[in-house]
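Asker:
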Amino acid sequence: IEKEKFHKSQHWGYCNNVAMLVGEDKPGIGGEPLPGQKLKPKYSVFPGEMRSGAPAWVAFDKQVLSFDAYFEEEVPDKNQELYRIRHCKIYFYLEDDTIQVIEPQVKNSGITQGTIVRRHRIPLPPPHEDQFYTIDHFNINIEVILYARRYKIIDCDQFTKKFLRKMGFRLNAPAGRPDDPYTKERQKILDNMKPLRPYERIDTLKQFLEHDGHVLRFFCVWDDPESMLHDPRELVLHYYLSDDTIDIKEIIPVNSGRDAVPLFLRRDKLPKYAPTGLYQPGTVTDRTVLNVFGKLVGKRNRYILDNRKTGAVHQEFYRDSDLKIGAVINVWGRKVTLCDCDEFTKEYYRTKYGIEDFTPVPYKSPTPPKPEKTFPPYTGFGSEEDSLSSCMSLLPKPPQKDFKKFMEKDRSGMESNILRFLAKLVTENPIDKDRKFIISYFLSDDTISVFEHVQRNTGILGGKFLERGRIKQPGQELFKSEPSAYFKAQDLFVGARVCFHGHNFLLVDADEYTFNYMEKHANEFSMADIGVILKKLKDIAGPRSREIRQMFAAADPEHTKVIEYDPFRSLIVSITDGAFSEHEIMTIRRCYGVRDEYETDLHFLLAVAQEQLKKNSFENFEQLSAVLMYNDREKCGVLPHEICRTICKSFKLPLAADDLQALLTKFEDEHKQVEYKKFVDGLNWRENQIPAFQTIKVPLKNEDDWSRQPPSLGVKGIKYLPFLDDLFGNEE
Numbered sequence: 001i002e003k004e005k006f007h008k009s010q011h012w013g014y015c016n017n018v019a020m021l022v023g024e025d026k027p028g029i030g031g032e033p034l035p036g037q038k039l040k041p042k043y044s045v046f047p048g049e050m051r052s053g054a055p056a057w058v059a060f061d062k063q064v065l066s067f068d069a070y071f072e073e074e075v076p077d078k079n080q081e082l083y084r085i086r087h088c089k090i091y092f093y094l095e096d097d098t099i100q101v102i103e104p105q106v107k108n109s110g111i112t113q114g115t116i117v118r119r120h121r122i123p124l125p126p127p128h129e130d131q132f133y134t135i136d137h138f139n140i141n142i143e144v145i146l147y148a149r150r151y152k153i154i155d156c157d158q159f160t161k162k163f164l165r166k167m168g169f170r171l172n173a174p175a176g177r178p179d180d181p182y183t184k185e186r187q188k189i190l191d192n193m194k195p196l197r198p199y200e201r202i203d204t205l206k207q208f209l210e211h212d213g214h215v216l217r218f219f220c221v222w223d224d225p226e227s228m229l230h231d232p233r234e235l236v237l238h239y240y241l242s243d244d245t246i247d248i249k250e251i252i253p254v255n256s257g258r259d260a261v262p263l264f265l266r267r268d269k270l271p272k273y274a275p276t277g278l279y280q281p282g283t284v285t286d287r288t289v290l291n292v293f294g295k296l297v298g299k300r301n302r303y304i305l306d307n308r309k310t311g312a313v314h315q316e317f318y319r320d321s322d323l324k325i326g327a328v329i330n331v332w333g334r335k336v337t338l339c340d341c342d343e344f345t346k347e348y349y350r351t352k353y354g355i356e357d358f359t360p361v362p363y364k365s366p367t368p369p370k371p372e373k374t375f376p377p378y379t380g381f382g383s384e385e386d387s388l389s390s391c392m393s394l395l396p397k398p399p400q401k402d403f404k405k406f407m408e409k410d411r412s413g414m415e416s417n418i419l420r421f422l423a424k425l426v427t428e429n430p431i432d433k434d435r436k437f438i439i440s441y442f443l444s445d446d447t448i449s450v451f452e453h454v455q456r457n458t459g460i461l462g463g464k465f466l467e468r469g470r471i472k473q474p475g476q477e478l479f480k481s482e483p484s485a486y487f488k489a490q491d492l493f494v495g496a497r498v499c500f501h502g503h504n505f506l507l508v509d510a511d512e513y514t515f516n517y518m519e520k521h522a523n524e525f526s527m528a529d530i531g532v533i534l535k536k537l538k539d540i541a542g543p544r545s546r547e548i549r550q551m552f553a554a555a556d557p558e559h560t561k562v563i564e565y566d567p568f569r570s571l572i573v574s575i576t577d578g579a580f581s582e583h584e585i586m587t588i589r590r591c592y593g594v595r596d597e598y599e600t601d602l603h604f605l606l607a608v609a610q611e612q613l614k615k616n617s618f619e620n621f622e623q624l625s626a627v628l629m630y631n632d633r634e635k636c637g638v639l640p641h642e643i644c645r646t647i648c649k650s651f652k653l654p655l656a657a658d659d660l661q662a663l664l665t666k667f668e669d670e671h672k673q674v675e676y677k678k679f680v681d682g683l684n685w686r687e688n689q690i691p692a693f694q695t696i697k698v699p700l701k702n703e704d705d706w707s708r709q710p711p712s713l714g715v716k717g718i719k720y721l722p723f724l725d726d727l728f729g730n731e732e
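Okay, so the sequence shown: first residue is 1 according to full-length UniProt numbering, each after it adds one.
1. Assuming Leu241 and Asp320 make a contact with CB atoms under 8 Å, what is their CB distance in whole Å?
2. My assumption, with CB atoms under 8 Å, is that Gly462 sits in contact with Gln455. Please give the rounded CB distance.
3. Mind checking whether the beta-carbon of Trp685 lies closer than 6 Å to any heavy atom of the ligand COA?
4. What are the partner residues of Ser449, as DSSP defines its beta bridges?
5. Just to confirm, is the Cβ distance from Val396 to Ser387 under 7 Å?
6. Would you identify the three-state DSSP class for Lys697, choosing helix, strand or coil?
7. So, are the CB atoms of Phe487 and Ile471 less than 7 Å apart?
8. Extract the residue ranges of the beta strand (DSSP E) inside the UniProt domain "DM10" (212–353), only unbroken runs of 3 or more that lie entirely within it.
9. Could you check if Leu190 is buried or exposed, using at least 16 other CB atoms within 10 Å of its CB as the buried criterion?
10. On the DSSP letters alone, give me the boundaries of the alpha helix (DSSP H) that Leu628 sits inside.
11. Within a Cβ cutoff of 6 Å, which residues of the same chain sit near Asn684, ignoring the five residues on either side of it in sequence?
12. Quick test of your reading: Ile154 and Asp68, contact by CB under 8 Å. State the CB separation rounded to the nearest angstrom.
13. Give the C-beta separation of Leu94 and Gln63 to the nearest angstrom, bearing in mind that I take them to be a contact with Cβ-Cβ under 8 Å.
14. Mind checking which residues open and close the beta strand (DSSP E) that includes Arg590?
15. Could you check the C-alpha separation between Tyr676 and Ala607 for me, to the nearest Å?
16. Distance, Cα to Cα, Ser707 vs Ser625?
17. Do Gly495 and Glu564 count as a contact pair if the criterion is CB distance below 7 Å?
18. In whole angstroms, what is the alpha-carbon distance linking residue 751 and Tyr182?
19. Helix, strand or coil, according to DSSP, for Asp157 in the structure here?
20. Would you kindly work out how many angstroms separate the C-alpha atoms of Val638 and Met629, rounded to a whole number?
21. List in chain order: all unbroken alpha helix (DSSP H) runs of 4+ residues lying wholly within the region 465–533.
22. Could you tell me which residues DSSP pairs with Val115 in its beta bridges?
23. With a threshold of 8 Å, are at least 3 pairs of Cβ atoms found where one atom belongs to the region 503–517 and the other to the region 412–430?
24. Does the count of Cβ pairs from the region 576–590 and the region 525–538 closer than 8 Å reach three?
25. How would you call Met392, buried or exposed, if buried means at least 16 neighbouring beta carbons within 10 angstroms?
26. Determine contact between the region 607–617 and the region 649–658, defined as no fewer than three beta-carbon pairs at a distance below 8 Å.
27. Where does Ala148 fall in DSSP's three states?
28. Pull up the DSSP beta-bridge partners for Leu395, would you.
29. Per DSSP, what kind of secondary structure is Tyr43 in: helix, strand or coil?
30. On the criterion of 16 or more Cβ atoms from any shown chain inside 10 Å, does Phe723 qualify as buried, or is it exposed?
31. Looking at C-beta atoms only, is the number of pairs between the region 170–187 and the region 201–212 that lie closer than 8 Å three or more?
32. Count the other CB atoms, across all protein chains shown, that sit within 10 Å of the CB of Val144; report buried if there are 16 or more and exposed otherwise.
33. Within 10 angstroms of its Cβ, does Met407 collect 16 or more other Cβ (buried), or is it exposed?
34. Taking only three categories from DSSP, how would you classify Ala423?
35. Using 10 angstroms around the beta-carbon of Ile448, count the other beta-carbons present and answer buried if the total reaches 16, otherwise exposed.
36. I need the DSSP call for Phe92, collapsed to helix, strand or coil.
Next up, the structure:
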């Protein structure tokens, strides 16, 4: 009874509560195979070491087994052939057990070839059509049936052999490839149609394949004797290595009056002509023939190929070995001289013929000098630049401005790029002697404007004295062809005398920004270059170094190592005999001067800072205080100066760098640490607003604040010992 139950459980089952016969591969409960049951795999089974633990579609991606096979096809409708042998390729894809059959294309076969079976899983022939082909069904020298067509596998490639050996298969010996009877018969017919004594074969394919696209280029000249002007004609010769042909192109100069033709000589083989002259068409041929019968048999002629080439005319053509620099070739009666070649041509001759000398032959006449352009003199209408542009072209264009200089030197933030000087008139008129002017030089476009300082009870109306514009230097002719010279930034310095439209000015001072800008760009302004000034002074006073040291020591009887500015200036003037300008002396003063130490009013600084913060609507005081407290790791209420400065910059405080530096210094303790809480409270214009400005306790530069900028620190004296050491060197 138990055996009968086991036997029934293998063949019978229930589907939708209906008992029916099922296959033997149905597993038991839980998918486990029943006792004595062997389940057939649905896909190819590969050893674990070949897959490396990965699934087959990952481990064998893009890996294909290739088998060579053939099949026989019956041909019932032809007497010439009863069957046909068709060769094909069987591809087995390891990733998903799919199979593809492809027949290679055969020229003029008349059969639709290509893909015979598209790629998919192919079932086994009956009675096992419920299963599919796997790798276990393939080997060499076996037959497989794909959709009732029998394929004979005769061989495979090396990868397939190695893979099957790794799988443990024993490969059969490769089978022979049978010939198609009809194809073999056709080949016999074609062989019988070939002559027993074939024609001479001229093979140029090898030369074409090796040198296709390789061209030698020579630069030539042809002196045409029949030309009216006897000028040399420049040519470019191209030699094509693929078929030994030559073409020549003429280089026609501009405005030469000659017609522009595509080619001087079209591409063809260039012959070396004999003294007898030209040959008739058909005289020079590759082959010669013989008339066997002649005129003996009626009008019928019979010709055969003459291998001995009896009566053939041999003509030589120019080859690459005939072309070299300095050679003269005959181009249809024209003597052309090869003068130079390009780098590829030099390398070709250097490699093939071992030629190293490629000295070019001079053939070009020296280029005549270009005539100097002359322009008519200035007419007085409009600006000189505008009048000059009308002479450059038929369609006048407005003169172009230096836009790059404008973008670099235009006002940007705290950089005004304006040099301001205090000037007075050079005149004998007592009324004009006391007039003061502010000369502003704009670096963005080299323009100058002059304003007069307003003074009470002088009877002179101050304000704009000269409109902003470029000013010509005096002493130039008005109506001339050359462009006029204008005042530049290097022409303005303290002590310079300038003439603006007949008014002579003496520059007596400059603002702090001007001094700083000129010292920062000392390579452009020699008057502010301390190195150039010391070198110039050393050239003048070098032999008198000991005497000059004694003069400076006598000016300091108390040995304080500092002398006042006025005695120092008098000594420099006496030493240089007036060769130094006032600006150069002031540069020395600014470099070696001792400035007055003064106490800046804290309330004034805070008032200025609060005014700037209020104008820029800065109110992030709580966030600023929080960041400062976060950086205070020890919670002591103080931070280093640099940390506070960096944090303030990160918040983009609208304060100048000098003002921020002065404020942080005011809130430092005895250990040079900034008390940041007091600093933030002082800046908070919402809660601790300072109502009014308090005057700064610093003497003004002069009685007239003409520059409208914070005055520079006064110079108390000059440290002459470092100055003398830099000038003459250290001396004990």
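C-beta: ideal position from N, C-alpha, C; glycine also.
Since this is a predicted model, take the numbers as computed values, not measurements.
Answerer: Working from what's here:
1. Numbered from 1 along the sequence shown, position 241 holds the residue referred to as residue 241. Numbered from 1 along the sequence shown, position 320 holds the residue referred to as residue 320. Indeed, because the Cβ distance is near 7 Å, the residues count as touching under 8 Å.
2. Against the sequence shown, residue 462 aligns to sequence position 462. Against the sequence shown, residue 455 aligns to sequence position 455. The Cβ separation is near 7 Å, so the contact holds.
3. Among the ligands in the structure shown, none appear at all, so the ligand COA cannot be discussed.
4. Here residue 449 corresponds to residue number 449 of the sequence shown, with the count starting at 1. The partner list for Ser449 (beta bridge, DSSP) reads Ser440.
5. Here the question's residue 396 lines up with position 396 in the sequence shown. Here the question's residue 387 lines up with position 387 in the sequence shown. According to the sequence provided, residue 396 is Pro. The question's Val does not apply to it. Cβ distance not < 7 Å, so Pro396 and Ser387 don't count as in contact.
6. By 1-based counting over the sequence shown, the position of residue 697 is 697. Caution is warranted here: a pLDDT of 39 is assigned to Lys697, below 50, making its placement in the model unreliable, and the coordinate value is therefore given only provisionally. In the structure shown, the three-state DSSP call for Lys697 is coil.
7. The residue labelled residue 487 in the question sits at position 487 within the sequence shown. The residue labelled residue 471 in the question sits at position 471 within the sequence shown. In contact: Phe487 and Ile471 (Cβ atoms closer than 7 Å).
8. Runs of the beta strand (DSSP E) inside the UniProt domain "DM10" (212–353): 215–223, 232–240, 245–250, 265–268, 289–291, 303–305, 328–331, 334–341.
9. Position 190 of the sequence shown, counting from 1, holds the residue named residue 190. So Leu190 counts as exposed.
10. Counting from 1 along the sequence shown, the entry for residue 628 is found at position 628. Start and end: 621–631.
11. To locate residue 684, count along the sequence shown from 1; it is residue 684. Closer than 6 Å at Cβ, skipping near neighbours: Phe621.
12. What you label residue 154 is simply residue 154 of the sequence shown in a count that begins at 1. What you label residue 68 is simply residue 68 of the sequence shown in a count that begins at 1. About 5 Å separates the two Cβ atoms, so the contact holds.
13. Counting from 1 along the sequence shown, the entry for residue 94 is found at position 94. Counting from 1 along the sequence shown, the entry for residue 63 is found at position 63. Sure, about 5 Å apart at Cβ, within 8 Å.
14. Counting from one through the sequence shown, the residue named residue 590 turns up at place 590. Where Arg590 is concerned, there is no enclosing beta strand (DSSP E), although the alpha helix (DSSP H) it sits in stretches over 582–592.
15. Numbered from 1 along the sequence shown, position 676 holds the residue referred to as residue 676. Numbered from 1 along the sequence shown, position 607 holds the residue referred to as residue 607. Approximately 18 Å between the Cα atoms of the pair.
16. The sequence position of residue 707 within the sequence shown is 707, counting from 1. The sequence position of residue 625 within the sequence shown is 625, counting from 1. Interpretation of Ser707 is limited by its pLDDT of 38, a score under 50 that renders its predicted location unreliable; the figure taken from the coordinates is listed afterwards. In a straight line, the C-alpha of Ser707 is about 37 Å away from that of Ser625.
17. As a working note, residue 564 is residue 564 in the sequence shown. As a working note, residue 495 is residue 495 in the sequence shown. No, the pair does not count as a contact, with Cβ atoms beyond the cut-off.
18. Residue 751 lies beyond the range of the chain shown here (1 to 732); nothing can be said about it.
19. Taking the first residue of the sequence shown as 1, we reach residue 157 at position 157. In the structure shown, Asp157 sits in coil (DSSP, three-state: anything other than H, G, I, E or B).
20. Along the sequence shown, read from residue 1 onward, the residue named residue 638 stands at position 638. Along the sequence shown, read from residue 1 onward, the residue named residue 629 stands at position 629. Computed Cα separation, rounded: 9 Å.
21. 512–520
22. Within the sequence shown, residue 115 is the residue found at index 115, counting from 1. Strictly speaking, residue 115 in this sequence is Thr, with Val absent from that position. DSSP lists Ile102 as partners of Thr115.
23. yes
24. yes
25. Along the sequence shown, one-based indexing puts residue 392 at 392. Met392 comes out exposed.
26. yes
27. The residue given as residue 148 occupies position 148 in the sequence shown. Ala148 falls in the coil class under three-state DSSP.
28. In the sequence shown, the residue the question calls residue 395 occupies position 395. DSSP output for Leu395 lists no bridge partner at all.
29. Counting from 1 along the sequence shown, the entry for residue 43 is found at position 43. DSSP places Tyr43 in coil when its eight states are reduced to three.
30. Mapped onto the sequence shown, residue 723 falls at position 723. By the 10 Å Cβ count, Phe723 comes out buried.
31. no
32. Along the sequence shown, read from residue 1 onward, the residue named residue 144 stands at position 144. Buried is the call here.
33. As a position in the sequence shown, residue 407 is number 407, starting the count at 1. The residue in question, Met407, is exposed, as its Cβ has fewer than 16 Cβ neighbours within 10 Å.
34. On the sequence shown, residue 423 is found 423 positions in, with the first residue counted as 1. Ala423 falls in the strand class under three-state DSSP.
35. Taking the sequence shown and counting its residues from 1, one reaches residue 448 at position 448. It counts as buried.
36. Residue numbering aside, residue 92 sits at position 92 when the sequence shown is read from its first letter. Note: Phe92 maps to strand in three-state DSSP.
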